[in-house]
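Colleague: Chains as they are written, first to last, in full-length UniProt numbering: chain A, 1 to 109; chain B, 1 to 109.
Have a look at this one before I ask anything.
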DNA sequence: TCGTTTAATCGCAATATTACTATAAAGTAA
DNA sequence: TTACTTTATAGTAATATTGCGATTAAACGA
């Protein structure tokens with residue numbers, strides 16, 4: 001075992017979990033926050049911003065890229081990264097329905 | 001290795017990651033959705049709702065309880081679970097600041 | 001050309017997570 | 001009491017994740 005039994009759950013539930021795992025590591029949170037703060041494409045400086053080895057950060061960037069949350073475009077020897085705003089919005093919509101279900105304060109327990 | 005280097009990140013970044021990992025498994029998403037749908041305390045039926053072994057679900061419930069997102073109160077041989085609405089709201093606040101940073105559509109890359 | 005810079009990939013070790021079976025604990029009901 | 005129900009815990013195996021050193025790849029500049 002050790003593998004998630006995705007077949008037992010709905011596509012929507014699995015999608016929420018996949019997005020959540022993207023934010024489940026503080027380095028990826030930090031990368032995304034940095035890209036938002038810069039408000040534009042950022043070439044190279046991400047490794048300098050975060051205190052992890054370059055291959056480790058490269059791996060985190062790859063995960064975010066594969067999920068579509070960021071884009072990377074080659075610029076000479078560098079690679080420029082930025083938030084993919086369309087996919088970010090899509091992700092937000094997916095999580096919004098889940099997070100924003102509010103309840104009147106329960107007093108049953 | 002294999003352990004997250006939390007010391008390299010801010011408390012806020014780590015908090016976002018911890019909450020996100022709670023939603024990083026579809027079974028925990030399903031449990032929370034069920035509790036929201038029931039709109040009250042739910043005793044016992046969670047195991048019947050989700051196609052995983054009882055100890056596995058008990059483990060997922062424990063994680064959600066330790067994070068404070070749900071409460072469990074003993075009722076005879078059963079345990080009743082419900083959303084902890086106060087902590088749920090706190091969690092939402094933490095994640096909202098992160099998720100709801102919007103950008104004008106970038107065209108730099 | 002050759003060296004430099006930058007980022008990705010490979011391969012590995014350490015740790016974490018998921019899921020189960022078996023069992024225990026705690027209450028209920030006969 | 002004993003049998004039963006319900007949930008938690010212990011222990012374990014399989015898989016996933018994290019992180020890094022070493023290396024590679026690709027583009028640049030002298």
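Quick reminder that beta carbons are idealized off the backbone N, C-alpha and C, glycines included.
#1: Can you tell me the Cβ-Cβ gap for residue 92(A) and residue 99(B), rounded? I've got them flagged as a contact below 8 Å.
#2: Looking at the secondary structure, which residues open and close the beta strand (DSSP E) in which residue 73(B) lies?
#3: On the DSSP letters alone, give me the boundaries of the alpha helix (DSSP H) that residue 16(B) sits inside.
#4: Let me know the secondary structure DSSP gives residue 110(A) once reduced to three states.
#5: Name, please, each residue of chain B whose Cβ falls closer than 8 Å to the Cβ of residue 6(A).
#6: So, using beta-carbon positions, are residue 22(B) and residue 64(B) closer together than 8 Å?
#7: How would you write the range of the alpha helix (DSSP H) that residue 31(A) sits in, first residue to last?
#8: So, at 6 Å on beta carbons, what are the nonlocal neighbours of residue 34(A) in its own chain, with the 5 sequence-adjacent residues on each side left out?
#9: Might you give, ordered along the chain, the residues of its own chain that have their beta carbon closer than 8 Å to the beta carbon of residue 27(B), omitting 5 neighbours on each side?
#10: Strictly below 9 Å CB to CB, what residues from chain B border residue 87(A)?
#11: Would you please state the rounded distance, in angstroms, between the beta carbons of residue 68(A) and residue 24(B)? I believe it to be under 8 Å.
#12: Taking only three categories from DSSP, how would you classify residue 83(B)?
#13: Given a cut-off of 8 Å on the beta-carbon distance, is the pair residue 17(B) and residue 29(A) in contact?
#14: Would you list the residues sitting across from residue 43(A) in a DSSP beta bridge?
#15: DSSP three-state label for residue 97(B), please.
#16: Round the Cβ separation of residue 42(A) and residue 82(A) to the nearest angstrom and send it over; I've been treating them as touching at under 8 Å.
#17: For residue 6(A), which residues of its own chain have a beta-carbon under 7 Å away from its beta-carbon, when the five flanking residues on both sides are left out?
#18: Can you tell me whether residue 71(A) is buried or exposed? The criterion is at least 16 other CB atoms within 10 Å of its CB, across all chains shown.
#19: Given this structure, state the Cα-to-Cα distance separating residue 8(B) from residue 10(A), to the nearest angstrom.
#20: Taking all protein chains shown into account, decide if residue 97(B) is buried (16 or more other Cβ within 10 angstroms of its Cβ) or exposed.
#21: Check this for me: beta carbons of residue 32(B) and residue 39(A), under 8 Å apart or not?
Modeller: In short:
#1: Working through the first chain from its first residue, we reach residue 92(A) at position 92. Working through the second chain from its first residue, we reach residue 99(B) at position 99. Contact holds; Cβ gap of about 6 Å.
#2: The residue you call residue 73(B) lines up with position 73 of the second chain. Run containing residue 73(B): 70-75, per the beta strand (DSSP E) assignment.
#3: Taking the second chain and counting its residues from 1, one reaches residue 16(B) at position 16. Taken as a continuous stretch (DSSP letters only), the alpha helix (DSSP H) holding residue 16(B) covers 11-22.
#4: Nothing can be reported for residue 110(A): it is not among the residues displayed for chain A, which extend from 1 to 109.
#5: Here the question's residue 6(A) lines up with position 6 in the first chain. The answer, in chain order, is 26.
#6: Numbered from 1 along the second chain, position 22 holds the residue referred to as residue 22(B). Numbered from 1 along the second chain, position 64 holds the residue referred to as residue 64(B). It is a contact, given that the beta carbons lie within the stated cut-off.
#7: Counting from one through the first chain, the residue named residue 31(A) turns up at place 31. Counting along the chain, the alpha helix (DSSP H) containing residue 31(A) begins and ends at 26-38.
#8: Numbered from 1 along the first chain, position 34 holds the residue referred to as residue 34(A). Once the five neighbours on either side are set aside, the close Cβ partners of residue 34(A) are 49.
#9: Position 27 of the second chain, counted from the first residue, corresponds to residue 27(B). The answer, listed in chain order, is 50, 52, 56, 57, 60.
#10: By 1-based counting over the first chain, the position of residue 87(A) is 87. Those do not exist, as residue 87(A) stays about 12 Å from chain B at its closest Cβ, beyond 9 Å.
#11: Taking the first residue of the first chain as position 1, residue 68(A) is located at position 68. Taking the first residue of the second chain as position 1, residue 24(B) is located at position 24. So it is not a contact: roughly 17 Å between Cβ atoms.
#12: Counting from 1 along the second chain, the entry for residue 83(B) is found at position 83. Note: residue 83(B) maps to strand in three-state DSSP.
#13: For this step, residue 17(B) is matched to residue 17 along the second chain. For this step, residue 29(A) is matched to residue 29 along the first chain. Between residue 17(B) and residue 29(A), the CB-CB gap stays under 8 Å.
#14: Translated into positions along the first chain, residue 43(A) becomes position 43. Its beta-bridge partners are 80(A).
#15: Within the second chain, the letter at position 97 stands for residue 97(B). The three-state secondary structure of residue 97(B), taken from DSSP, is helix.
#16: Residue 42(A) sits at position 42 when you count from the first residue of the first chain. Residue 82(A) sits at position 82 when you count from the first residue of the first chain. Residue 42(A) to residue 82(A), Cβ: 7 Å. Contact.
#17: Within the first chain, the letter at position 6 stands for residue 6(A). Taken in chain order, the residues that qualify are 14.
#18: Start at 1 with the first residue of the first chain, and residue 71(A) comes out as number 71. That one is buried.
#19: In the second chain, the residue the question calls residue 8(B) occupies position 8. In the first chain, the residue the question calls residue 10(A) occupies position 10. Cα to Cα, the separation comes out at about 36 Å.
#20: Here residue 97(B) refers to the residue found at position 97 of the second chain. Exposed, because fewer than 16 other Cβ atoms sit within 10 Å of the Cβ of residue 97(B).
#21: Counted from its first residue, the second chain places residue 32(B) at position 32. Counted from its first residue, the first chain places residue 39(A) at position 39. For residue 32(B) and residue 39(A), no; Cβs fall outside 8 Å.
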